[in-house]
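Novice: My questions will all concern the structure given below.
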Amino acid sequence: MTRGKEITPQLRSRICELHSIGWGARKISRLHSELSLSGIKYTIRKEKDRVNCVTQPRPGRPKKLSEDQRALIRAMVEADPAVKSAYLLEAVGNAITKRSLQRLLNEKGMGLRGPILYENEIRNYLGARVRGVGERLLRMEGADVELCSGRITASNIGDRSIIEAILIQSRGVPPVWPCDCCRNNHFPRMFPTCLHVPHPLIVQGICGNCKASGRASKNCDAMSYFFEMEESQVHLVQTLKSLADDSDAS
Ligand SMILES: [Zn+2]
Ligand SMILES: [Zn+2]
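All residue numbers for the sequence shown refer to this note's numbering, where the first residue is 14 and numbers rise by one.
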């Protein structure tokens with residue numbers, strides 16, 4: 014058996030993160046084929062010895078953020094849990110990388126964010142399994158997907174509806190108004206935000222949460238406001254045009 018690549022702290026926390034959403038060592042090793050299976054298993058076993066999946070820093074190790082900066086980030090996240098990483102990074106003068114920020118946010122007291130599936134993982138791991146509308150989604154530009162803790166498991170990640178839901182979240186945008194289900198928490202959500210691809214041919218614009226729960230596209234009203242908005246825009250254009258025609262005639 015060949016020796017795998019050394020497991021860096023970044024990879025270690027990534028392994029823990031994937032394990033926390035139900036992925037086993039074998040599944041993780043399929044995604045990170047550069048690592049040895051035994052190394053991944055060892056990392057998972059040792060997970061409990063670490064705090065938040067991070068080996069405790071050696072004393073005297075330089076801190077990258079001051080206490081004030083950490084407090085600032087904490088305050089910003091508390092004020093707006095959906096605050097964009099870019100704003101947080103800007104607030105601390107881009108003193109740390111996006112990855113370091115994610116780790117910081119996952120620390121105790123700041124764990125307001127769920128686990129993340131990264132776009133390259135979505136593309137590499139799920140890409141080979143998509144058919145039909147999934148292929149169309151895959152070709153679109155995508156972003157990382159935030160998950161609600163514990164919703165995606167080793168047993169459901171292979172489901173077609175889950176894969177399509179992840180792709181919708183990755184490629185999607187917020188609807189004009191979140192869908193009725195997401196707004197009223199009709200069922201346990203898989204993703205913290207309501208996102209959809211506002212195109213009638215992309216599973217009729219259903220949102221990722223409704224897709225993941227197996228609802229029929231017509232039962233998700235994420236698109237309805239979009240159509241209403243389109244109609245009102247058409248109406249506005251017609252009104253303006255008729256006003257212009259009237260003034261031409263006079
Ligand atoms: Zn929704
Ligand atoms: Zn919906």
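Every residue gets a Cβ at the ideal spot worked out from N, C-alpha and C, and that includes glycine.
Keep in mind that this is a model prediction, so the values were computed, not measured.
1. Thinking C-beta only, is His209 closer than 8 Å to Ile181?
2. Taking contact to mean at least 3 C-beta pairs separated by less than 8 Å, is the segment 172-180 in contact with the segment 134-144?
3. Please report the straight-line C-alpha distance between Arg240 and Lys231, rounded to a whole angstrom.
4. Take Tyr55 as the anchor and find which of Gly221, Glu154, Met203 and Arg25 has the nearest alpha-carbon.
5. Nearest to Leu117 by alpha carbon, out of Gln23, Gln251 and Phe204?
6. Which residue's Cα is closest to the Cα of Glu159: Phe200, Tyr138 and Thr206?
7. Between Lys254 and Ser260, what straight-line distance do the alpha-carbon atoms span, to the nearest angstrom?
8. Enumerate in chain order the residues of its own chain whose CB-to-CB distance from Ile129 is below 8 Å, with the five nearest sequence positions on each side excluded.
9. Just checking Asn197 against ligand 2 - is the residue's beta carbon closer than 7 Å to any of the ligand's heavy atoms?
10. Suppose only complete runs of 4+ residues qualify. What are the alpha helix (DSSP H) ranges in the segment 164-201, listed by chain order?
11. What span of residues does the alpha helix (DSSP H) with Gln23 cover, start to end?
12. Considering Glu154, what are the terminal residues of the alpha helix (DSSP H) in which it resides?
13. Going by Cα to Cα distance, which pick from His32, Lys111, His45 and Trp190 is closest to Tyr238?
14. Let me confirm a value: Pro188 is counted as buried when at least 16 other C-beta atoms fall within 10 Å, else exposed. Which label applies?
15. Tell me which residues share the same chain as Ile57 and place their Cβ nearer than 7 Å to its Cβ, disregarding the 5 neighbours each side in the sequence.
16. How about Lys77 and Ala108: do their beta carbons lie closer than 8 Å?
17. Could you compute how far the alpha carbon of Arg136 sits from the alpha carbon of Arg152?
18. Nearest CA to the CA of Ser42: which residue from Val96, Ala95, Ser79 and Tyr138?
19. Below 8 Å between beta carbons: does that hold for Pro201 and Met236?
20. Can you determine whether any heavy atom of ligand 2 sits closer than 7 Å to the C-beta of Asn222, and answer yes or no?
Specialist: On the basis of the data shown:
1. Against a cut-off of 8 Å, the Cβ pair of His209 and Ile181 comes out as a contact.
2. Judged by Cβ distances under 8 Å, the segment 172-180 makes contact with the segment 134-144, as three or more pairs qualify.
3. Here residue 240 turns out to be Phe, not Arg, going by the sequence shown. A straight line joining the alpha-carbon of Phe240 with that of Lys231 spans about 13 Å.
4. Closest by alpha carbon: Arg25.
5. Of the listed residues, the one whose Cα sits closest to Leu117 is Gln23.
6. Nearest of Phe200, Tyr138 and Thr206 to Glu159, Cα basis: Thr206.
7. The straight-line gap from Cα to Cα measures roughly 10 Å.
8. Taking C-beta separations shorter than 8 Å and ignoring five residues to either side along the sequence, the partners of Ile129 in its chain run Glu30, Gln115, Asp157, Val158, Glu159 and Leu160, following chain order.
9. With a cut-off of 7 Å, the C-beta of Asn197 is classified as distant from ligand 2, since no heavy atom of the ligand falls inside that distance.
10. Taken in chain order, the complete alpha helix (DSSP H) segments of 4 or more residues contained in the segment 164-201 are 173-184 and 193-197.
11. Per DSSP, the continuous alpha helix (DSSP H) segment holding Gln23 begins and ends at Pro22 to Ser33.
12. Neither: Glu154 is in no alpha helix (DSSP H) and is coded neither H nor E.
13. Comparing Cα-Cα distances from Tyr238 to each of His32, Lys111, His45 and Trp190, the minimum goes to Trp190.
14. Classification for Pro188: buried.
15. Within the same chain, Ile57 has close Cβ partners Ile28, His32 and Ala38.
16. Taking the C-beta atoms as reference points, Ala108 is found nearer than 8 Å to Lys77.
17. Cα to Cα, the separation comes out at about 9 Å.
18. Nearest of Val96, Ala95, Ser79 and Tyr138 to Ser42, Cα basis: Tyr138.
19. The answer is no: Cβ separation not under 8 Å.
20. Yes, Cβ of Asn222 sits closer than 7 Å to a heavy atom of ligand 2.
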